[in-house]
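Under the numbering used here, the first residue of the sequence shown carries the number 1146, and numbering increases by one thereafter.
C-beta: ideal position from N, C-alpha, C; glycine also.
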Amino acid sequence: MGDHRRIVGPMPVEGNTQVYGLLRGGAAAVLAESLGSCGAVLQAGPGRFAVGIDLNVTHLTTFSMSVAASCIFPVLIYSFFWHRFNRTGLLWSVYGGLVLSVALTILSPTVSGSEFALWPDASFDLYPFQTPGLVSVPVAFLLGWLGSIASPERSPSDFRQVEHQLLTGREVGPKAR
């Protein structure tokens, strides 16, 4: 097969590997990436080895955006524009959006069932879309509303003052400067 003292692995080089154009040409880009991988192996030290896996980071980007949209967006909208939104609604919205986003990502073609999935040979893709935010964001809004309505806790009566201070950065009333 080959010399057992040497490890050779493929390293794909795609279109724009040098963002700022410091190195021009395919050979220079391959050289730069090869030096980077050799540096990683040297960093591991003697008696250790470095392992790299080929992953498509699009999955992680989609997942992080979905979690952010499901957890943060409903809370911001409710906090700014609905005076009855309270802590219970916040917790239901954040945790519900997070759990649903993670569950839908695991059950989507991003993880299994498609050619570019993390596990392409497995098939447990019950959710047909690659973007879980299509369902998790509206459900997080619904959970925030349900949590706020179901809770006996009420928001402070001085909502207008708090809203004014949040939006302008200034206090209302005689203490205003």
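Separation of Gln-1310 and Tyr-1223 (C-alpha to C-alpha, rounded to the nearest whole angstrom) is 16 Å. Judged by their CB atoms, Ala-1214 and Gly-1289 are not nearer to each other than the 8 Å cut-off. In this structure, Phe-1274 is the residue among Phe-1274, Leu-1221, Pro-1191 and His-1204 with its C-alpha nearest to the C-alpha of Ser-1253. Judged by DSSP in its simplified three-state form, Trp-1264 adopts strand. Annotation: Phe-1230 to Ala-1262 spans about 39 Å, alpha carbon to alpha carbon. Counting every other CB atom within 10 Å of its CB across the protein chains shown gives Cys-1216 a total of 16 or more, marking it as buried.
Nearest Cα to Ser-1296 within the set Leu-1287, Gly-1234 and Thr-1203: Gly-1234. Looking at the DSSP output, Ser-1257 bridges to Trp-1264. CA-CA distance, Ala-1267 to Thr-1250, rounds to 15 Å.
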